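See structure below.
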Amino acid sequence: MAENPAKPETTGTNGKQLQKLATDFLIRFYIVFKILKLYAENNELIQEQTELLWQTLQALKEETEEISFKIKRESIFFNQSRIKFSLSNYPIFKFLLEEFRKRDIGLLSISPDISKESLLKAVAIICHKRTSDSPFEDLMAELDQQEVRGLNLEKLEIAERLPSPQKSSARLFFLSILHLHEISERNKENETIRLNTTRRLIQSIFNHLVDNESFLLGLTTIKNHDEYTLNHSVNVSLLAVALGKRLGLTRAELVDLGLAAFFHDLGKIDIPLEILNKPGQLTEAERKIMELHPHQGAEKLVHLRDFRRLPVSAIHVAMEHHIKEDLTGYPKYRLKSDVNLYSRIVKVCDFFDAITTKRVYRKKTFTRAEALSLMLENIGTEFNPVILKSFVQMMGIFPVGSVVLLNSGELALVVESNQEIKYLMRPRVKIIVDTQGQKIDGPEVDLIEVDLETGQYKRTIVKEIDPEDYDLQVPDYFLVQAAD
Ligand SMILES: [Fe+2]
Ligand SMILES: [Fe+2]
0 MAENPAKPET TGTNGKQLQK LATDFLIRFY IVFKILKLYA ENNELIQEQT
50 ELLWQTLQAL KEETEEISFK IKRESIFFNQ SRIKFSLSNY PIFKFLLEEF
100 RKRDIGLLSI SPDISKESLL KAVAIICHKR TSDSPFEDLM AELDQQEVRG
150 LNLEKLEIAE RLPSPQKSSA RLFFLSILHL HEISERNKEN ETIRLNTTRR
200 LIQSIFNHLV DNESFLLGLT TIKNHDEYTL NHSVNVSLLA VALGKRLGLT
250 RAELVDLGLA AFFHDLGKID IPLEILNKPG QLTEAERKIM ELHPHQGAEK
300 LVHLRDFRRL PVSAIHVAME HHIKEDLTGY PKYRLKSDVN LYSRIVKVCD
350 FFDAITTKRV YRKKTFTRAE ALSLMLENIG TEFNPVILKS FVQMMGIFPV
400 GSVVLLNSGE LALVVESNQE IKYLMRPRVK IIVDTQGQKI DGPEVDLIEV
450 DLETGQYKRT IVKEIDPEDY DLQVPDYFLV QAAD
């Protein structure tokens, strides 16, 4: 079996510290960049902020000799590791990504001995707007002319400049999270929620899904732990639309379903974070509060000013997504037929996304395949059989986003399920760890490929593995490499 690859530097305490410092550096860089647009370099505010940027650089220097930021698709990498954004700093990253891209900057590396003056000059030169056809060359010429030392730039590769459907799917995914974030804020302030925007987002999700189901399902491996409910709601919405499509719902119905799924946990806004994120078991009283969220969600939806634009099924879904097929769960319903079809669809997607996400109160996080097998054990009692079977078939035995060990000794990521029943065990995979245990940017291969000489399959899955055991960051592959 492949050996455990060496831990990359973003894990462990030192890695976390580096991530934090690199993030701080980018935020400081952004601030200096922004105010340089308003003031001259000798302005006091700029001097002050440059000092802070400089200090962050000194702190980084103490942790690592290499200081480089690389643009790769929708992400910024510090040295070899993708910088993880949170909702609060995502707009800053997005701004920097776009500004770097406009100037064709693919890599910015800073030598540890750069002077403070050079650093400020460099930011100022990068900050200049360039309208020529060769912004990168102009930028380099100016850095040279002004004798800026200690800074190295590399040009963005052509492939990185082209938009791709995956890029826009990923953007859509994050836009949805931001939108839901705004909705929760507005809800707290009792402001009007723009349901039209929500509807448009779900319609685009539907359009992307038609062309690119595997990729969108891959995006649901992204788990943002700081903003669990938001991220979770978007994932559930994506899964529900994909599942609804398989169940034969029309386009209009799918948009309603997507909207309903998007808002299923709206009632959680009012639950105190101490309860929502409590590491241990909830007390009886806390559990009661928690179980109020379906009611509270339904009530919130009814009170939306834009209520008429919302499908009635959204209220059902908010109310009913914790009711099991045998009518246990909460709240209590007496008749099975009262439970809406959309609620049953959302229940399956909700459960799957929840148990595959690491949470402080959950002792075990399930891999994607383990989650399906656990769910199948409860077919008919907890989940509607027809819906669950469709879901399992959509995800495949090894769902998109699972990591598997192959009989070749390689580790691979499932990127597309094979829909033919006899090939369910043979999805399309991307090799990510070679036989030596080295992480690689390997090829995508189809597991139905047969070796012509021996007549045997070239590769076969031995078992699914937990990506955490190997420090593999599954979402990165979808965000970073999917645009190949
Ligand atoms: Fe819920
Ligand atoms: Fe949920």
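Sequential numbering from 0 applies to the sequence shown in numbering that gives the first Met the number 0. Cβ coordinates follow ideal geometry from the N, Cα and C atoms, glycine included. The model shown is predicted, which means the values in this text are computed figures rather than measured ones.
*ASN41 to PHE261 span [Cα, whole Å]*: By 1-based counting over the sequence shown, the position of residue 41 is 42. By 1-based counting over the sequence shown, the position of residue 261 is 262. About 49 angstroms.
*Look at ASN276 and VAL359 and say whether their C-beta atoms are less than 8 angstroms apart.*
Numbered from 1 along the sequence shown, position 277 holds the residue referred to as residue 276. Numbered from 1 along the sequence shown, position 360 holds the residue referred to as residue 359. Yes.
*Beta-carbon proximity of ASP485 to LYS457, cut-off 8 angstroms*: Residue 485 falls outside the range modelled here, since the chain spans only 0 to 483, and no answer is possible.
*8 angstroms Cβ shell around ILE26 - same chain, five flanking residues per side excluded*: Walking along the sequence shown from the start, residue 26 turns up at place 27. Hits under 8 angstroms: ASN88, ILE91.
*With a CB to CB cut of under 6 angstroms and the five nearest residues on each side skipped, what residues in its chain are close to GLU146?*
Stepping through the sequence shown from its first residue, residue 146 is reached at position 147. Once the five neighbours on either side are set aside, GLU146 has no close Cβ partner at all.
*If you draw a straight line from the C-alpha of ASP349 to the C-alpha of PHE397, how long is it?*
The sequence position of residue 349 within the sequence shown is 350, counting from 1. The sequence position of residue 397 within the sequence shown is 398, counting from 1. So the two alpha carbons sit approximately 19 angstroms from each other.
*Helix, strand or coil for ARG486, going by three-state DSSP, please let me know.*
Outside the displayed span of the chain (0 to 483) sits residue 486, for which this structure offers no information.
*State the Cα-Cα distance for the pair LYS93 and PHE135, rounded to the nearest angstrom.*
As a position in the sequence shown, residue 93 is number 94, starting the count at 1. As a position in the sequence shown, residue 135 is number 136, starting the count at 1. If you take the alpha carbons of LYS93 and PHE135, they lie about 19 angstroms apart.
*Is there contact between the stretch 209-229 and the stretch 281-291, where contact requires at least three CB pairs shorter than 8 angstroms?*
no
*Is GLY105 helix, strand or coil by DSSP?*
Counting from one through the sequence shown, the residue named residue 105 turns up at place 106. It is a strand residue.
_C-alpha gap between LYS222 and SER175, whole angstroms_ = Looking up residue 222 in the sequence shown gives position 223. Looking up residue 175 in the sequence shown gives position 176. Between LYS222 and SER175, the C-alpha separation is close to 14 angstroms.
*Is GLU324 helix, strand or coil when you go by DSSP?*
Counted from its first residue, the sequence shown places residue 324 at position 325. Coil at GLU324, not helix or strand.
*asked:* So for GLU97, helix, strand or coil by DSSP?
replied: If you number the sequence shown from 1, residue 97 lands on position 98. In the structure shown, GLU97 sits in a helix (DSSP, three-state: H, G or I).
*Got a sec, what are the start and stop residues for the alpha helix (DSSP H) LEU303 sits in?*
Position 304 of the sequence shown, counted from the start, is the residue given in the question as residue 303. No alpha helix (DSSP H) holds LEU303; DSSP gives it neither H nor E.
*asked:* Between the stretch 235-247 and the stretch 193-213, can you find at least three pairs of beta-carbon atoms closer than 8 angstroms?
replied: yes
*asked:* Tell me the rounded alpha-carbon separation between VAL473 and ILE354.
replied: In the sequence shown, the residue the question calls residue 473 occupies position 474. In the sequence shown, the residue the question calls residue 354 occupies position 355. Using only the alpha carbons, I get a separation of about 16 angstroms.
_Paired residues, beta bridge with ALA411 - DSSP_ = As a position in the sequence shown, residue 411 is number 412, starting the count at 1. DSSP output for ALA411 lists VAL403, ILE430 as bridge partner(s).
*Give the DSSP-derived three-state secondary structure of ARG81 in the structure shown.*
Within the sequence shown, residue 81 is the residue found at index 82, counting from 1. In the structure shown, ARG81 sits in a strand (DSSP, three-state: E or B).
*Have a look at VAL428 and ASP445 and give me their C-alpha separation to the nearest angstrom.*
Working through the sequence shown from its first residue, we reach residue 428 at position 429. Working through the sequence shown from its first residue, we reach residue 445 at position 446. Each residue's Cα considered, the two are about 6 angstroms apart.
*Using only alpha-carbon positions, find the residue among ILE82, ARG129, ARG102, GLN46 that is nearest to LYS120.*
Mapped onto the sequence shown, residue 120 falls at position 121. Nearest C-alpha to LYS120: GLN46.
*For LEU152, the residue or residues it bridges with in DSSP*: By one-based count along the sequence shown, residue 152 stands at place 153. Paired residue(s): LEU107.
*Determine the closest residue to LEU138 out of ILE125, HIS315, ILE430, THR219, with distance taken between C-alpha atoms.*
In the sequence shown, residue 138 corresponds to position 139, counting from 1. Checking every option, the nearest Cα to that of LEU138 belongs to ILE125.
*Is the beta carbon of VAL403 less than 8 angstroms from the beta carbon of VAL391?*
Working through the sequence shown from its first residue, we reach residue 403 at position 404. Working through the sequence shown from its first residue, we reach residue 391 at position 392. For VAL403 and VAL391, no; Cβs fall outside 8 angstroms.
_Exposed unless 16 or more other CB atoms sit within 10 angstroms - verdict on ARG245_ = Here residue 245 is taken as the residue at index 246 of the sequence shown, counted from 1. When all chains shown are included, ARG245 counts as exposed.
*Within 7 angstroms: the Cβ of ASP137 and any heavy atom of ligand 1?*
Working through the sequence shown from its first residue, we reach residue 137 at position 138. False, no ligand heavy atom lies under 7 angstroms from that Cβ.
*Pick helix, strand or coil for SER67, following the three-state DSSP scheme.*
One-based indexing of the sequence shown puts residue 67 at position 68. Strand.
*When you get a sec, list the residues whose CB is within less than 7 angstroms of any heavy atom of ligand 1, chain order please.*
HIS263, ASP264, LYS267, HIS292, PRO293, HIS320, HIS321, ASP349
*asked:* Let's test the definition: count the other Cβ atoms within 10 Å of the Cβ of GLN48 and tell me whether it reaches 16, buried, or not, exposed.
replied: Taking the first residue of the sequence shown as 1, we reach residue 48 at position 49. It counts as buried.
*Residue range of the alpha helix (DSSP H) that includes VAL461*: Residue mapping note: residue 461 aligns to position 462 of the sequence shown, counting from 1. Run containing VAL461: none in the alpha helix (DSSP H); it sits in the beta strand (DSSP E), 460-464.
_Contacts around ILE439, its chain only, beta-carbon distance under 6 angstroms, and the 5 residues preceding and following it disregarded_ = As a working note, residue 439 is residue 440 in the sequence shown. The answer, listed in chain order, is ASP433.
*Inter-residue spacing [alpha-carbon to alpha-carbon] between GLN280 and LEU272*: In the sequence shown, counting from the first residue as 1, residue 280 sits at position 281. In the sequence shown, counting from the first residue as 1, residue 272 sits at position 273. Looking at the two C-alpha atoms, the distance is approximately 14 angstroms.
*Is VAL268 near ASN186, with beta carbons less than 8 angstroms apart?*
Here residue 268 refers to the residue found at position 269 when the sequence shown is read from its first residue. Here residue 186 refers to the residue found at position 187 when the sequence shown is read from its first residue. The question names Val, but residue 268 in the sequence shown is Ile. In contact: ILE268 and ASN186 (Cβ atoms closer than 8 angstroms).
*Bridge-paired residues (DSSP) for GLU543*: This structure cannot speak to residue 543, because the chain is shown only from 0 to 483.
*Bridge partners - LYS438, DSSP secondary structure assignment*: For the purposes of this step, residue 438 is taken as the residue at position 439 of the sequence shown. Answer by DSSP bridge pairing, in chain order: VAL432.
_Collapsed DSSP secondary structure at VAL359 in the structure displayed_ = Along the sequence shown, read from residue 1 onward, the residue named residue 359 stands at position 360. Of the three classes helix, strand and coil, the one that applies to VAL359 here is coil, per DSSP.
*Beta-carbon proximity of ARG102 to ARG129, cut-off 8 angstroms*: Locating residue 102 in the sequence shown gives position 103, counting from the first residue. Locating residue 129 in the sequence shown gives position 130, counting from the first residue. Yes.
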